[in-house]
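Read through the structure below, which is laid out as structure tokens, and then see the notes.
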Amino acid sequence: MFINYEHNNHIYNVTVERREDQFFITYDNNEYTVIATELKPGQLFIQLGDRVIKSVISQGDENKFVFIDGSIFKVKRIELTGRKKTEKREGDLHSPISGTIVSCKVKEGSPVKKDDIILIIEAMKMEYLIRAPYDGVIKKTYFKEKDQIEIGQLTAEIQKKEEKNGSH
Amino acid sequence: MFINYEHNNHIYNVTVERREDQFFITYDNNEYTVIATELKPGQLFIQLGDRVIKSVISQGDENKFVFIDGSIFKVKRIELTGRKKTEKREGDLHSPISGTIVSCKVKEGSPVKKDDIILIIEAMKMEYLIRAPYDGVIKKTYFKEKDQIEIGQLTAEIQKKEEKNGSH
Amino acid sequence: MFKKVLIANRGEIAVRIIKACQEMGIRTVAVYSEVDKNAPHVQIADESINLGDPTPSESYLNIAKIIENATKVHAEAIHPGYGFLAENPDFAKACADTGITFIGPTPEVIRLMGDKIEAKKTIAHADVPVIPGYHGIQQDLSTLLKEGKKIGFPLLVKATAGGGGKGMRIVHAESELEQSIESAKREAKSAFGNDSVFLEQYIDRPRHLEFQILADQHGHVIHLFERECSIQRRHQKIIEETPSPMMTPQLRETMGNAAVAAAKAVGYTNAGTIEFMVDGKQNFYFMEMNTRLQVEHPITEATTGIDLVKWQLRIASGMELTLKQKELTQRGHALECRIYAEDPSNGFLPSIGTLEKVDLPNGPNIRNDTGVETNFHVSPYYDPMLAKLTVNTENREESINKMIWALSHYVVLGVTTNISFLRKVLDHPEFRKGNITTHFIEDYFHNWLVTKEGLPLDALIALAVYDALHTQRQEVVRYKEADPHSPWQHVGRWRMGV
Amino acid sequence: MFKKVLIANRGEIAVRIIKACQEMGIRTVAVYSEVDKNAPHVQIADESINLGDPTPSESYLNIAKIIENATKVHAEAIHPGYGFLAENPDFAKACADTGITFIGPTPEVIRLMGDKIEAKKTIAHADVPVIPGYHGIQQDLSTLLKEGKKIGFPLLVKATAGGGGKGMRIVHAESELEQSIESAKREAKSAFGNDSVFLEQYIDRPRHLEFQILADQHGHVIHLFERECSIQRRHQKIIEETPSPMMTPQLRETMGNAAVAAAKAVGYTNAGTIEFMVDGKQNFYFMEMNTRLQVEHPITEATTGIDLVKWQLRIASGMELTLKQKELTQRGHALECRIYAEDPSNGFLPSIGTLEKVDLPNGPNIRNDTGVETNFHVSPYYDPMLAKLTVNTENREESINKMIWALSHYVVLGVTTNISFLRKVLDHPEFRKGNITTHFIEDYFHNWLVTKEGLPLDALIALAVYDALHTQRQEVVRYKEADPHSPWQHVGRWRMGV
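Protein chains in written order, with our numbering: chain A, 1 to 168; chain B, 1001 to 1168; chain C, 2001 to 2498; chain D, 3001 to 3498.
And the structure:
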């Protein structure tokens, strides 16, 4: 079985084959043979030679969380079907949290300077500021005061000052 | 759905019908309507009017264990198909535990007096004595020293002294 | 003693109070909003009441609804926990007006201490040192700007009704003053419904120390020693300990006496906390009084052997405080970490989602206070604190080691938490030396990232094993659904070598 | 300090020792028999070694196998826990011979204290009171019968090598003497491989009190106060507490000094316990010394704030005992219950089976020591103790109430346990008054039955709900197996009103 895991924008290619409680895993041209038991749902007890690997894994809607050695990693299992990852753009105007817009400081057409506040989102009684990543002009705003916003939604678009044409 | 539960040699007849999270239960000519959620496997949260019933139930091979209000009850769900329960006989000669026979004090044909030791079973480093329930003669022994015995197995049969014929 | 108490709160503190009541033979009533209907505090209570809409103002902050329900179920007293209505004098008053005992001080004391300006004036009269600043009623921008310039920089802008770092700004230069005042006022308005602020001289890199108070209705007031709460992020505590590594027996006595004097000066009753700021020369200044149970009360319980919640209940029911100051002992060392659903490598942004797996560390002298469990959904409606982890041992070094062990065995999957971050803070050489101030996180963990490196090999192996174990089953099921008449022969690719 | 320690034990005590080591940065090696391969102590250890056959003599009691494995993995020390090899001088000797540190006293001291006759003689020389009796080498029946008659009745027959009530008989009349001696000898032979017994004057309804000792290799010996362990069934402790409700400060000092004198008299090192019998007039007699960690050590840890296992490790590694007798404080009250898989309404017969569900109570000052979990199989190979539950509070009454609360929330399904029984004992008026002796269970709970009444209505409702929720699924499955081509139409009767 071929599997691709994504973690922090990095992709790991792994193969695994199972024979009863033995697992044959290859990664980065090395093969590892382990014996493993799932003690409780998601709780793995893995023997790799003399060494013991203890891990707890949960399967969410999109991500897996892996607890190992006191650390937790958020990993996505992906299909490599030619799709390219969307790159994170300079000066993120996406909401970092789900919440409510408490203040929108700009209108479409307003000029903004780098680090000017564009809007203020309140979530769990704290405020989060969306600031302009560069000097420019507000091309579009997607939210107004009291609107609900979800994590990852785009708040506004800015036409960068130095640029000749509209898109960025 | 009709269900019969057995607990301590007593049988309870219950009916239950379900409509989504509502349950209609009849017992002893009373009907109870409850709303119930299974929070975690076996963990029930039941509302009966103003009252809350919290219970944890496990399903073993034969028995259910019911935890309620700090007490635990061992219950069997049974089918009433005309079979009669085997009655517990006077002076139980069945082994109360699984273990090893460390000493057999009698032979077939030996006379015994009430409370004489018939055999000694060791389990978990403790000794359990099987004693004669009445005066009589050993009719049959089923185990010898070093034999393994399982809980509930018959250890011996005794012909009761006062009786005219062999069976008891 | 009360026969029935309603707990007007949720999460770990509601659970903790319910357990204390039940041990004392008191029947408990939980309240909950729709999203909390299966929450642990509801499961454990003897009765529970649905308050409806999860918006706090419609449920946990709704005075009328809570009082009405308390009356209906014949609760004799209400414990407010911390946060929500705990420091709301109107709520305490509404309880009193309905003949329900509010477990806390009188409405008058809450109101006085809730007004940070009046609080400082009153406490200063009891000869307890306070910080120079502007605490005036004039709240227009020009007055505040003028007074701010008079105090000098750095200075602090803080909501009069505030608490927990909300409506608070540090101003390093005159040019920032105006925007900071406006933003603090806006936040204060939203959080407390009151945009009044005060200004104060800002002490650079102070420690935050506080003293626990217990006072009965018969004039007995004691303190239960200090808690050091300097480790903060976004002005909110995340690690607390007692005793403080900077404390001396003399200073402890001086500050303890000041705390008792402050409590006596306002006629305080029940459990409360006097917060002090301490500078590098061991000068201390009264900051504020929290008129309620503190989040970090477990470390005081661990080192003194006293159950603060049970004493709150006894004091509220009119019993006498039989603990004597002289007989109290502070033994060993205790440490608390607050477990938050937040991302320390991204500005401590709260993280929302379902807790797919919760498995807590346990062992001698490890205390878990938690109001969540596996499958609990962390919603944006409430504070993202999931749980508290407290340890106590013979000394500070052992406590740090025990806490690191416990955090390394703390499993919360499904949301991002601060657990790895807490471990790193505890293991920092300056933390281990006890060199901590309220700026510790900013000074040493400014641009901290959980993982600079990638996935370790062991994680990949575990993932591969997990997927090999679980893919098979899923595929078999998928197959069955598709074609029930030939159940096995097509599954080959997924059924690895059985 | 050691870098790697092997724990030659299983269950809750192995788990507890492993955690202490890990907090101190010591790598741990667990050993296990086949049936324990997924047991909690194996899961938590850093390494583990399969000892094979579950029969104790082939695994946990197999000295050669354990020493060989310890050498192979380069363990510097072995912690024996309690039971199994903990008081076996040959094991301690074998460790020493291999250059492995045995975490406990010297083989000579273990051997001396293991011989109950020699132990009493030695201790009596240190002016510690002992009970009159026959401790001779002559073990023929006629000598024992003669000596027994000389001591008078009631008297006690006890295995010289014994412990935990095994090989022990109380003889109330001359007519019972012969059979009791024979039976005690047989049990002793089986349990300890040695059928030697001694006879002693039997004190009616004594209390069982013991003192915890810590002694380092540099001549420092301290005691950590008493534990009252009078509540016993089949001569095995089930409830322990400290301080004892009968203790006075004077008696505590006298007995504590006697315990320290006894430990010094034999050159004791590491943790140990001096057991005393106390009669109704506060006379106390040395019974025996346990040369190891005690099952009930958590109550001492709770009231003194000391971690006994960590001190065992420090002492064994040669460190000095820095705790001073004068600085030790005994604070509050602690209570321990032993949770057994046994049936109290049927002679405390052990109960075997799979733990279908384990859910432990938790809250402030509730300590769970457990070596089992959901799906663990309780086998007949080992002691049926599943776990220990310890609480501590400000005083005895609060501890009892907290313990009753905790027991009421203690879920162990799948085997019969003594949990309900423990609750009843704690709630008995004479227990609450502190009027307890080693005969308490016999006196007040002789023919105790869990349930005289039938199933409560709530249990029937819960069962009906459970079956309604679960039958549907089961029946659908059953149907599918029978006829895969028409999956739904026949199921009607079981699919209730969905």
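Cβ coordinates follow ideal geometry from the N, Cα and C atoms, glycine included. Quick caveat: nothing in here was measured; it's all calculated off a predicted structure.
- Message: Just checking: is the beta-carbon of G70 (chain A) within a distance shorter than 8 Å of some beta-carbon in chain C?
- Response: By one-based count along the first sequence, residue 70 (chain A) stands at place 70. For G70 (chain A), the answer is yes, since a Cβ of chain C falls inside 8 Å of its Cβ.
- Would a check of beta-carbon distances place S3345 (chain D) closer than 8 Å to chain G? Here chain G cannot be found, since the structure's protein chains are A, B, C and D.
- Counting along the chain, where does the beta strand (DSSP E) carrying S2142 (chain C) start and finish? Counting from one through the third sequence, the residue named residue 2142 (chain C) turns up at place 142. Counting along the chain, S2142 (chain C) falls outside any beta strand (DSSP E), though it belongs to the alpha helix (DSSP H) covering L2141 to I2151.
- Query: At a Cβ threshold of 8 Å, is F143 (chain A) touching chain C?
  - Reply: The count along the first sequence starts at 1 and reaches residue 143 (chain A) at position 143. No, because no Cβ of chain C sits closer than 8 Å to the Cβ of F143 (chain A).
- Task: Evaluate F2 (chain A) with the Cβ neighbour count: other Cβ atoms within 10 Å of its Cβ, from every protein chain shown; 16 or more gives buried, anything less gives exposed.
- Result: Position 2 of the first sequence, counting from 1, holds the residue named residue 2 (chain A). Exposed is the call here.
- Query: Is the Cβ of Q3022 (chain D) closer than 8 Å to any Cβ of chain A?
  - Reply: Taking the first residue of the fourth sequence as 1, we reach residue 3022 (chain D) at position 22. Chain A, which has no Cβ nearer than 8 Å to the Cβ of Q3022 (chain D), makes this no.
- Would you identify the three-state DSSP class for L3199 (chain D), choosing helix, strand or coil? As a position in the fourth sequence, residue 3199 (chain D) is number 199, starting the count at 1. Here L3199 (chain D) sits in strand by DSSP.
- What residues of chain D sit near K2400 (chain C), judged by a beta carbon separation below 9 Å? For the purposes of this step, residue 2400 (chain C) is identified with residue 400 of the third sequence, where counting begins at 1. Looking at the sequence itself, residue 2400 (chain C) is Ile, so the reference to Lys does not match. Near I2400 (chain C) there are no residues of chain D at all, since even the closest Cβ is about 10 Å away, more than 9 Å.
- Query: Is there at least one Cβ from chain B nearer than 8 Å to M3385 (chain D)'s Cβ?
  - Reply: Within the fourth sequence, residue 3385 (chain D) is the residue found at index 385, counting from 1. No, no contact with chain B.
- Counting along the chain, where does the alpha helix (DSSP H) carrying V3425 (chain D) start and finish? Here residue 3425 (chain D) refers to the residue found at position 425 of the fourth sequence. Looking at the DSSP string, the run of the alpha helix (DSSP H) that includes V3425 (chain D) is I3419 to L3426.
- Shorter than 8 Å from the beta carbon of R2010 (chain C) to some beta carbon of chain A? Position 10 of the third sequence holds residue 2010 (chain C). Judged by the 8 Å Cβ criterion, R2010 (chain C) is not in contact with chain A.
- Nearest to A3184 (chain D) by CA position, among D:D3036, D:M3168, D:H3172 and D:F3192, is which residue? Translated into the one-based positions of the fourth sequence, residue 3184 (chain D) becomes position 184. When only C-alpha atoms are compared, the closest one is D:M3168.
- Task: Please classify Q2325 (chain C): is it buried, with 16 or more other beta-carbons within 10 angstroms of its beta-carbon, or exposed?
- Result: Here residue 2325 (chain C) is taken as the residue at index 325 of the third sequence, counted from 1. With fewer than 16 Cβ atoms within 10 Å of its Cβ, Q2325 (chain C) is classed as exposed.
- Is DSSP giving A3077 (chain D) helix, strand or coil here? Translated into positions along the fourth sequence, residue 3077 (chain D) becomes position 77. Strand at A3077 (chain D).
- CB contact check: L44 (chain A) to chain D, cutoff 8 Å: What you label residue 44 (chain A) is simply residue 44 of the first sequence in a count that begins at 1. Not an interface residue.
- Give a yes or no on whether 8 Å exceeds the smallest Cβ distance from L48 (chain A) to chain D. As a first step, residue 48 (chain A) must be located in the first sequence, where it is residue number 48. No, no contact with chain D.
- Query: Which whole-angstrom value describes the C-beta separation of I3007 (chain D) and H3079 (chain D), a residue pair presumed to lie in contact below a C-beta threshold of 8 Å?
  - Reply: For the purposes of this step, residue 3007 (chain D) is identified with residue 7 of the fourth sequence, where counting begins at 1. For the purposes of this step, residue 3079 (chain D) is identified with residue 79 of the fourth sequence, where counting begins at 1. At roughly 5 Å, the Cβ-Cβ gap stays under 8 Å, so I3007 (chain D) and H3079 (chain D) are in contact.
- Mind pulling the beta strand (DSSP E) runs of 3 or more residues that sit fully within the segment 3177-3248 of chain D? 3197-3201, 3207-3215, 3221-3233 and 3236-3242
- Query: Say the cut is 7 Å; is the CB of V2130 (chain C) nearer than that to a heavy atom of the ligand ADP?
  - Reply: With respect to the ligand ADP, the structure offers nothing, as it holds no ligand at all.
- Chain-ordered residues of the segment 3034-3058 of chain D with a beta carbon less than 9 Å from chain A: K3037, N3038, V3042, Q3043, I3044, A3045, D3046, E3047 and S3048
- Mind checking who N1030 (chain B) pairs with in its DSSP beta bridge? Position 30 of the second sequence, counting from 1, holds the residue named residue 1030 (chain B). B:Y1027, per the DSSP bridge assignment.
- In the segment 2305-2316 of chain C, which residues sit with their C-beta less than 8 Å from some C-beta in chain D, listed in chain order? G2305, I2306, D2307 and K2310
- Item | G3104 (chain D) in three-state terms, based on DSSP | In the fourth sequence, residue 3104 (chain D) corresponds to position 104, counting from 1. DSSP places G3104 (chain D) in coil when its eight states are reduced to three.
- Message: Between which residues of its own chain and R2234 (chain C) is the CB-CB distance below 7 Å, once the five residues before and five after are set aside?
- Response: Here residue 2234 (chain C) refers to the residue found at position 234 when the third sequence is read from its first residue. Excluding positions up to five away in sequence, the list reads G2165 and F2348.
- C-beta atoms of T2242 (chain C) and E2253 (chain C) nearer than 8 Å: As a first step, residue 2242 (chain C) must be located in the third sequence, where it is residue number 242. As a first step, residue 2253 (chain C) must be located in the third sequence, where it is residue number 253. No. Outside cutoff.
- Start and end residues, beta strand (DSSP E) containing V2411 (chain C): Numbered from 1 along the third sequence, position 411 holds the residue referred to as residue 2411 (chain C). From DSSP, the beta strand (DSSP E) with V2411 (chain C) extends over V2411 to L2413.
- Return yes when the Cβ of T2304 (chain C) is within less than 8 Å of the Cβ of F2211 (chain C), no when it is not. Here residue 2211 (chain C) refers to the residue found at position 211 when the third sequence is read from its first residue. Here residue 2304 (chain C) refers to the residue found at position 304 when the third sequence is read from its first residue. Not a contact, by the Cβ cut-off of 8 Å.
- Item | One or two residues paired with V52 (chain A) in a DSSP bridge | One-based indexing of the first sequence puts residue 52 (chain A) at position 52. BP columns for V52 (chain A) point to A:Q47.
- Could you work out which residue in D:A3092, D:V3005, D:E3087 and D:D3343 is closest to I1097 (chain B) when comparing CA atoms only? Counting from 1 along the second sequence, the entry for residue 1097 (chain B) is found at position 97. The residue with the shortest Cα to Cα distance from I1097 (chain B) is D:D3343.
- Query: Around the C-beta of P41 (chain A), are 16 or more other C-beta atoms found within 10 angstroms, so that it is buried, or is it exposed?
  - Reply: What you label residue 41 (chain A) is simply residue 41 of the first sequence in a count that begins at 1. With fewer than 16 Cβ atoms within 10 Å of its Cβ, P41 (chain A) is classed as exposed.
- Where does D3036 (chain D) fall in DSSP's three states? Stepping through the fourth sequence from its first residue, residue 3036 (chain D) is reached at position 36. Correct three-state label for D3036 (chain D): helix.
- Task: Work out the CA separation of D1147 (chain B) and L1154 (chain B) for me, nearest whole Å.
- Result: Numbered from 1 along the second sequence, position 154 holds the residue referred to as residue 1154 (chain B). Numbered from 1 along the second sequence, position 147 holds the residue referred to as residue 1147 (chain B). Each residue's Cα considered, the two are about 13 Å apart.
- Message: Along the chain, where does the beta strand (DSSP E) containing N3050 (chain D) start, and where does it finish?
- Response: Within the fourth sequence, the letter at position 50 stands for residue 3050 (chain D). From DSSP, the beta strand (DSSP E) with N3050 (chain D) extends over E3047 to G3052.
- Query: Is the CB of V1052 (chain B) under 8 Å away from at least one CB in chain C?
  - Reply: Locating residue 1052 (chain B) in the second sequence gives position 52, counting from the first residue. Chain C contact via Cβ: present.
- Tell me whether P2429 (chain C) is buried or exposed, calling it buried when 16 or more other Cβ atoms sit within 10 Å of its Cβ. The sequence position of residue 2429 (chain C) within the third sequence is 429, counting from 1. Its Cβ having fewer than 16 others within 10 Å, P2429 (chain C) is exposed.
- Can you give me the Cβ contacts of G109 (chain A) inside the same chain, cut-off strictly under 7 Å, excluding the 5 residues immediately before and after it? In the first sequence, counting from the first residue as 1, residue 109 (chain A) sits at position 109. Cβ within range, chain order: V137 and I138.
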